[in-house]
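Q:
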Amino acid sequence: MLTEIAQTDTPEATKAAINRAVLLLQAGEAVALPTETVYGLAADATNPVAVAKIFEAKERPAFDPLIVHLPQRKALPEVATIPDDLESDHARLIENFWPGPLTIVLPKTDAIPDIVTSGLPTVGVRMSDHSVFKQIARALDKPIAAPSANRFGRISPTSASAVAEELDGRIPLIVDGGACARGLESTIIRLEKARGPKPFIHILRAGPITEDDLKKFGKIVRESHNEAVEANAPEAPGMLASHYAPRTPLRLLSAPDEFVPQPGLRYALLSYRGQKKDRYLGLTDWAELLVLSPGSGKLPEAGIRFFHLLRQLDKFENIDEIIAEPVPDRGVGAAIMERLRKAAAGSGV
Ligand code: AMP
Ligand code: MG
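Going by my numbering, the residue at position 302 of the sequence shown is 284; the numbering climbs one at a time, nothing skipped.
(1) Just list the residues that DSSP pairs Ser168 with in beta bridges.
(2) Leaving out five residues before and five after Leu247 in sequence, what residues of the same chain have Cβ atoms less than 7 Å from its Cβ?
(3) By Cβ distance below 6 Å, which residues in the same chain neighbour Leu281 in space, the five residues on each side in sequence not counted?
(4) Is any heavy atom in the ligand AMP found nearer than 7 Å to the beta carbon of Asp92?
(5) Considering only residues of the same chain and omitting the five flanking positions on each side of Ile36, which have a CB-CB separation below 6 Å?
(6) Is Glu299 helix, strand or coil when you go by DSSP?
(7) For Phe288, does the three-state DSSP call read helix, strand or coil?
(8) How many angstroms separate the CA atom of Pro190 from the CA atom of Lys197?
(9) Please indicate yes or no: does the CB of Pro129 lie closer than 7 Å to some heavy atom of the ligand MG?
(10) Mapping DSSP to helix, strand and coil, what is Ser138?
(11) When burial is assigned at 16 or more other CB atoms within 10 Å of the CB, is Val107 buried or exposed?
(12) When the Cβ atoms of the region 40 to 58 are set against those of the region 88 to 105, are three or more pairs found closer than 8 Å?
(13) If we call anything under 8 Å between Cβ atoms a contact, is Ser168 one with Pro43?
(14) Starting from Pro89, follow its DSSP beta bridges and name the residues at the other end.
(15) Since Leu146 and Ile156 are thought to touch, with beta carbons under 8 Å apart, how far apart are those beta carbons, to the nearest angstrom?
(16) With DSSP collapsed to three states, give me the class of Ala210.
(17) Short of 6 Å in beta carbon distance, which residues of its chain neighbour Gln117, apart from the five on each side in sequence? Order them along the chain.
(18) Over the uninterrupted alpha helix (DSSP H) stretch that includes Ala121, give me the two end residues.
(19) Which same chain residues, not among the five before or five after Arg152, have their C-beta less than 6 Å away from its C-beta?
(20) Check whether the Cβ atoms of Ile126 and Leu88 lie closer than 8 Å to each other.
(21) Any idea what DSSP makes of Asp96, helix, strand or coil?
(22) What is the DSSP secondary structure of Pro(-7), reduced to helix, strand or coil?
(23) If you reduce the DSSP assignment to three classes, tell me which class Gly315 lands in.
(24) So, using beta-carbon positions, are Cys162 and Glu18 closer together than 8 Å?
(25) Could you tell me if the beta carbon of Ser138 falls within a distance shorter than 7 Å of some heavy atom in the ligand MG?
(26) If we count the other Cβ atoms within 10 Å of its Cβ and call it buried at 16 or more, is Leu274 buried or exposed?
(27) Kindly indicate which residue of Glu60, Pro16, Pro181, Ala188 has the alpha-carbon position closest to the one of Pro129.
(28) In three-state terms, what does DSSP make of Gly10?
(29) Taking the alpha-carbon positions, what's the Leu122 to Val98 distance?
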């Protein structure tokens, strides 16, 4: 299959790209679209044959459920039901964070076929805030299933060229919407009724919407640090311990003195700020050195650059091991650390 890349660098090009994407989605094809988190591989979520093409192109196992993106807020009841006792809690979160990178897990309706949710009775739902994605979703006027547009288990794509590296020849279209503004997949939550006035907010995957952003809406429970999940016995299929993995082995340090270089081996450093005072730069004569936040953006800047740099590190052919500095485990840093742990668990294969 020939993979077409549609540009969105002029108003005319954008219009043509949107029309092309909508036609293909209506015809039951899977196409790659930009979102504010990472590029997604999109298909009509109500069409099981179209959704099967996502699993096929990604080589994604059937047990890993997809997130559904709505064309507008009022389409939510078509795909999910909100429990009565949590209605106002959900309404507040939706009001605050949609459109945006917050996925909410809810009981699904019959409009969503089992293939989307891997047979789970629940569905993860969000609304993208990317202008091209929004226009496509509205024109299609259907819920869109869209996992990240990478081969299963590998590094999420944050540019059209990264999608092409993953899926060229496997899908008919990539809409190039430029670099992703957040660079990390959505935060995934599930609400649970608590005794007090506020619900529990279970964070199933850390992401761009941080614990700080969410804490006034409920009592935070970090599921993504749950040992059962880490041990690959997930409450939700898909919360796998290994993911986002480079082919080169990756080791996440917790302190500089943990690293003892072996003679003859070549190491690359994924540094947080690239500053001497953090004591990682001087540990060895690094064969390659990439910096997550070389500017003053710190954690959000690191989030935007994270997958792009992992991809770049994986392309160096002269490296035996990637050594990653830890980043502060707060704000967007919690999402980066979660991904670094999973990348370390799945790397080197
Ligand atoms: P991706 O869109 O590729 O970032 O992957 C979607 C991820 O969302 C899955 O791997 C799951 O971790 C999570 N997810 C999707 N649907 C559900 C659900 N119904 N319950 C819990 N987690 C889900
Ligand atoms: Mg993914």
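Glycine included, C-beta positions come from ideal geometry on N, C-alpha and C. These numbers were taken from a predicted model, which means no experiment stands behind them.
A: A quick look at the data gives this:
(1) As a working note, residue 168 is residue 186 in the sequence shown. Answer is none; Ser168 lacks a bridge partner.
(2) In the sequence shown, the residue the question calls residue 247 occupies position 265. Counting only Cβ-Cβ distances below 7 Å, and skipping sequence neighbours, we find Asp302, Glu303.
(3) Reading the sequence shown from its first residue, position 299 is the one you call residue 281. The residues are Gly313, Val314, Gly315.
(4) As a first step, residue 92 must be located in the sequence shown, where it is residue number 110. Every heavy atom of the ligand AMP is 7 Å or more from the Cβ of Asp92, so no.
(5) The residue you call residue 36 lines up with position 54 of the sequence shown. Result list for Ile36: Ala12, Leu23, Ala25, in chain order.
(6) The sequence position of residue 299 within the sequence shown is 317, counting from 1. Reduced to three states, the DSSP call for Glu299 is coil.
(7) For the purposes of this step, residue 288 is identified with residue 306 of the sequence shown, where counting begins at 1. Residue state, collapsed to three classes: helix.
(8) If you number the sequence shown from 1, residue 190 lands on position 208. If you number the sequence shown from 1, residue 197 lands on position 215. Distance between the alpha carbons of Pro190 and Lys197 is about 14 Å.
(9) For the purposes of this step, residue 129 is identified with residue 147 of the sequence shown, where counting begins at 1. At least one heavy atom of the ligand MG is nearer than 7 Å to the Cβ of Pro129, so yes.
(10) Counting from one through the sequence shown, the residue named residue 138 turns up at place 156. DSSP places Ser138 in coil when its eight states are reduced to three.
(11) By one-based count along the sequence shown, residue 107 stands at place 125. The residue in question, Val107, is buried, as its Cβ has 16 or more Cβ neighbours within 10 Å.
(12) yes
(13) On the sequence shown, residue 168 is found 186 positions in, with the first residue counted as 1. On the sequence shown, residue 43 is found 61 positions in, with the first residue counted as 1. The answer is no: Cβ separation not under 8 Å.
(14) The residue given as residue 89 occupies position 107 in the sequence shown. Answer is Thr104, bridged to Pro89.
(15) One-based indexing of the sequence shown puts residue 146 at position 164. One-based indexing of the sequence shown puts residue 156 at position 174. The sequence given here has Ala at residue 146, not Leu. Right, their Cβ atoms sit about 6 Å apart.
(16) Residue 210 sits at position 228 when you count from the first residue of the sequence shown. Because Ala210 sits at a pLDDT of 45, beneath the cut-off of 50, its placement in the model cannot be relied upon, and the following sentence gives the value as read from the coordinates. Correct three-state label for Ala210: helix.
(17) In the sequence shown, residue 117 corresponds to position 135, counting from 1. Closer than 6 Å at the Cβ level, and outside the excluded window around Gln117, lie Ile0.
(18) Your numbering for residue 121 matches position 139 in the sequence shown. Here the alpha helix (DSSP H) through Ala121 covers 113 to 122.
(19) Translated into the one-based positions of the sequence shown, residue 152 becomes position 170. Once the five neighbours on either side are set aside, the close Cβ partners of Arg152 are Ala39.
(20) Position 144 of the sequence shown holds residue 126. Position 106 of the sequence shown holds residue 88. It is not a contact, given that the beta carbons lie outside the stated cut-off.
(21) Taking the sequence shown and counting its residues from 1, the one referred to as residue 96 is at position 114. The answer is helix: DSSP assigns Asp96 an H, G or I state.
(22) Start at 1 with the first residue of the sequence shown, and residue -7 comes out as number 11. Pro(-7) falls in the helix class under three-state DSSP.
(23) On the sequence shown, position 333 is the one that residue 315 refers to. Gly315: helix per DSSP, three-state reduction.
(24) By 1-based counting over the sequence shown, the position of residue 162 is 180. By 1-based counting over the sequence shown, the position of residue 18 is 36. For Cys162 and Glu18, yes; Cβs fall inside 8 Å.
(25) Residue mapping note: residue 138 aligns to position 156 of the sequence shown, counting from 1. Answer for Ser138: yes, Cβ within range of the ligand MG.
(26) Sequence index remark: in the sequence shown, residue 274 carries index 292 (1-based). So Leu274 ends up on the buried side.
(27) Position 147 of the sequence shown, counted from the first residue, corresponds to residue 129. When only C-alpha atoms are compared, the closest one is Pro16.
(28) For the purposes of this step, residue 10 is taken as residue 28 along the sequence shown, with counting starting at 1. Coil.
(29) One-based indexing of the sequence shown puts residue 122 at position 140. One-based indexing of the sequence shown puts residue 98 at position 116. About 18 Å.
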